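Okay, so here's the structure we're looking at.
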Amino acid sequence: MGSSAIDISRELSDAVGPLNFDSPVDVVYNPLVHARRAHEAYLERYARSGVDAFLLGMNPGPWGMVQTGVPFGEVQLTRDFLGIEEPVDKPAIEHPKRPVLGFECARREVSGRRVWSWAKERFGTPDAFFDRFFVWNHCPLAFLEDSGRNRTPDKLPASEREQLMDVCDQALARMVELIAPKMVIGVGAFAFKRARLVFGDDGPELGTILHPSPASPAANRGWAPQAEKQLRSLGIDLS
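Just so you know, the sequence shown maps onto residues 652 to 890 in the numbering used here.
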């Protein structure tokens, strides 16, 4: 299972590699390249078929997956809860305000802390969580403006976005076919929209939950209880 997921990941990385992105994007990070060892350790260890839910995020955050190669990969929890800590290479082009420090990065990503803290508190062990869930980002790239500001894929010009979305959609379809979840759940509106476009009415059941971003006032009022309520309303048993 893990090796097949790695094949999909590598082919996705190769497909997005030649794509070009103009200003205001200044630097593009692909953690499937510079954090490949950690990313593939995640897939090898935790990609399992027949899970209850495939949790789909949008793209890497500069303090999370960009550093660790793991979706929502806040450094401390990736290391201490998921048990993943691999050498991370320097990208060919690095943004001075958003350096890639790998597992030496001291800044904590809020979204990742919320997701993996919830998984730890609710399920206790990674194996108990991944027997039920798989977590994957739709797009593997992070886009940084000159100021260091994170530019999300939905903010790209249509000509750039459409090419990118096409290859990411194809990889999503393949990964979902491999994992064979009962349901695909978009973490936030963007991911849900992509899942709906890819699968329509012919694929797995679809749902959505609140994104854990600190930019979301709702998430800042307590993401985990709200996400759990939404998961239960979708029929996910959290016992």
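The C-beta atom is built at its ideal place from N, Cα and C for all residues, glycine as well.
A quick note: this is a predicted structure, and the numbers were derived from the prediction, not measured.
According to the Cβ coordinates, are residue i and residue j closer than 7 Å?
i, j, result
"Arg-758", "Glu-725", "no"
"Gly-708", "Ala-870", "no"
"Glu-755", "Ala-689", "no"
"Ser-664", "Phe-723", "no"
"Leu-706", "Val-786", "yes"
"Leu-885", "Gly-858", "yes"
"Gly-799", "Lys-748", "yes"
"Leu-861", "Ala-878", "yes"
"His-789", "Arg-845", "yes"
"Pro-804", "Asn-710", "yes"
Less than 6 Å between C-beta atoms, sequence neighbours within five positions excluded: which residues of the same chain meet that for residue i?
i, result
"Glu-856", "Met-834"
"Thr-729", "Thr-719, Val-721, Ile-735"
"Pro-675", "Glu-796"
How many angstroms separate the CA atom of residue i from the CA atom of residue j?
i, j, result
"Leu-806", "Ala-824", "Residue 806 is actually Lys in this sequence, not Leu. About 23 Å."
"Phe-850", "Ala-866", "28 Å"
"Arg-696", "Gly-720", "14 Å"
"Leu-670", "Arg-812", "10 Å"
"Leu-752", "Ser-864", "22 Å"
"Val-684", "Glu-772", "31 Å"
"Ala-692", "Asp-782", "17 Å"
"Ala-770", "Ser-810", "37 Å"
"Leu-882", "Arg-872", "17 Å"
"Phe-784", "Pro-750", "31 Å"
"Glu-662", "Phe-732", "28 Å"
"Glu-760", "Val-766", "10 Å"
"Ser-890", "Ile-836", "18 Å"
"Ala-666", "Arg-687", "15 Å"
"Asn-801", "His-746", "11 Å"
"Ala-822", "Lys-880", "29 Å"
Near residue i, what residues of its chain come up, given a Cβ to Cβ distance below 8 Å and the 5 sequence neighbours on each side ignored?
i, result
"Asp-888", "Asp-703"
"Leu-829", "Met-652, Ser-655, Ala-656, Ile-659, Ala-698, Ser-700"
"Phe-672", "Val-679, Phe-794, Leu-807, Glu-811"
"Gly-668", "Asn-681, Val-684"
"Ala-902", "Any answer about residue 902 is impossible in this case: the structure gives the chain only from 652 up to 890."
Based on the DSSP output, what are the partners of residue i in its beta bridges?
i, result
"Ala-793", "Tyr-680"
"His-914", "This structure leaves residue 914 out entirely; the chain is present only between 652 and 890."
"Ala-704", "Phe-784, Met-834"
"Ile-860", "Val-838"
"Arg-802", "Phe-794"
Leaving aside the five residues before and after residue i along the sequence, list all residues of the same chain whose C-beta is less than 7 Å from its C-beta, in chain order.
i, result
"Ser-768", "Leu-728"
"Leu-694", "Gly-653, Ala-656, Ile-657, Ser-660"
"Gln-814", "Leu-670"
"Phe-780", "Ala-770, Phe-774"
"Val-838", "Leu-706, Leu-707, Gly-708, Ile-860, His-862"
Exercise. Is it true that the region 810-828 meets the region 727-744, where meeting means three or more beta-carbon pairs spaced less than 8 Å apart?
Worked result: no
Exercise. Is there contact here, the region 789-802 with the region 679-698, by at least three beta-carbon pairs under 8 Å?
Worked result: yes
Exercise. On the three-pair Cβ rule with 8 Å, is the region 776-785 touching the region 713-721?
Worked result: no
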